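Chemist:
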Amino acid sequence: MEWKQYEDIKVVKIAVNPLFPLMSVYLYFVDGMLVDTGPRIQKRNLKGIFPSWDIKQVALTHSHEDHTGMASWIAKHTDAEIFCHEEMVREANEKARIPWYRELFVGPRFAFSPKPFPDSIRTQAHTFYPIHTPGHTKDHVCLLEPNKGWLFTGDLYITPYPKVFMKEESISGYIESIKKLNTYDYQTVFCGHEGIIRNGKEMMTRKLAYLQKTRNEIIRMNRLGYTEREISKQMFPENVRLEKITFGSFSRMNLIRSCLRNN
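Note that this note's numbering has the sequence shown beginning at 360, numbered continuously upward.
1. Nearest to residue 455 by alpha carbon, out of 440, 478, 430 and 611?
2. In the DSSP assignment, find the unbroken beta strand (DSSP E) run with residue 556 in it and report its ends.
3. Short check: CB of residue 485 to CB of residue 389, under 8 Å?
4. Counting Cβ pairs closer than 8 Å, one from the segment 509-528 and one from the segment 556-571, do we hit at least three?
5. For residue 599, collect the residues of the same chain with a Cβ closer than 7 Å to its Cβ; drop the 5 residues on either side in sequence, then sort them by chain order.
6. So, helix, strand or coil for residue 591, using DSSP?
7. Could you tell me whether the segment 490-507 touches the segment 451-467, where touching means 3 or more Cβ pairs closer than 8 Å?
8. Please tell me whether residue 473 and residue 433 are closer than 8 Å, where the distance is taken between their beta carbons.
9. Distance check for residue 447 and residue 421, CA to CA, integer angstroms please.
10. By the DSSP assignment, the beta strand (DSSP E) with residue 509 in it spans what residues?
11. Quick check: the segment 534-552 against the segment 580-599, are at least 3 beta-carbon pairs closer than 8 Å?
12. Give the DSSP-derived three-state secondary structure of residue 599 in the structure shown.
13. CA-CA distance, residue 370 and residue 364?
14. Distance check for residue 445 and residue 628, CA to CA, integer angstroms please.
15. Just to confirm, are residue 534 and residue 567 a CB contact at a threshold of 8 Å?
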């Protein structure tokens, strides 16, 4: 686990799983508010730092267990208010049903009782505005601090050039969400897996252009009669390691099918 200070934000980088230190998740703590909680499998490390932070509010960007795994612990051991998108509230009140390999890798996500995001979250020095940004998940939310030009993006960014999707991801959702975000004035992106991106709006715009171009090309090839497998071989010829280690949960086919959905 590593941590550093960026302005008045504590930034914690922690391995998603202690046995796989190259795969990390980032937590951000600013002025009493924690953005995402990290995975349950890192409970030993995280419960060592959370009590010293005086957490008053928790903002969950989405429901995935590497971002919410410690929410139940925080709910039990602190008085913090925990916020999430309204679509996630009912789901959070039960233990998450997740694939066995994900629970083995990052730990379970036990039940807790969050509240839906208000229109804004006020801390002593900042005001954060939740913005619904579906694409990665239907319940995904980014948090904007307009006075500082900060945007906390959860898993909306990660990479400007994705080659694989999960089945539930929506390329149309990503495109519309990034377009929405780019109507706001922000510069620095705080990503859930890549850390701080100082030219954040530029990189988000780059991702938007890539997604639009990729979707258009896949639709074009499909209309010319190419099969999904032929499209995959031509568009994404190189093997993607993430496909193997997730047993195909992340795949090139999922990205292609997302492009062709409703077209």
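From the three backbone atoms N, C-alpha and C, an ideal C-beta is built for every residue, glycine too.
Treat the numbers as computed from the prediction; the structure is a model and nothing was measured.
Modeler: Walking through what the data contain:
1. 430
2. Element bounds for residue 556: 554-556.
3. Result yes, Cβ atoms of residue 485 and residue 389 sit closer than 8 Å.
4. yes
5. Result list for residue 599: 522, 523 and 611, in chain order.
6. helix
7. no
8. For the pair residue 473 and residue 433, the CB atoms are not nearer than the 8 Å cut-off.
9. 8 Å
10. 509-513
11. no
12. coil
13. 6 Å
14. For residue 628 there is no data in the structure shown, the boundaries of the chain being 360 and 622.
15. Taking the C-beta atoms as reference points, residue 567 is found nearer than 8 Å to residue 534.
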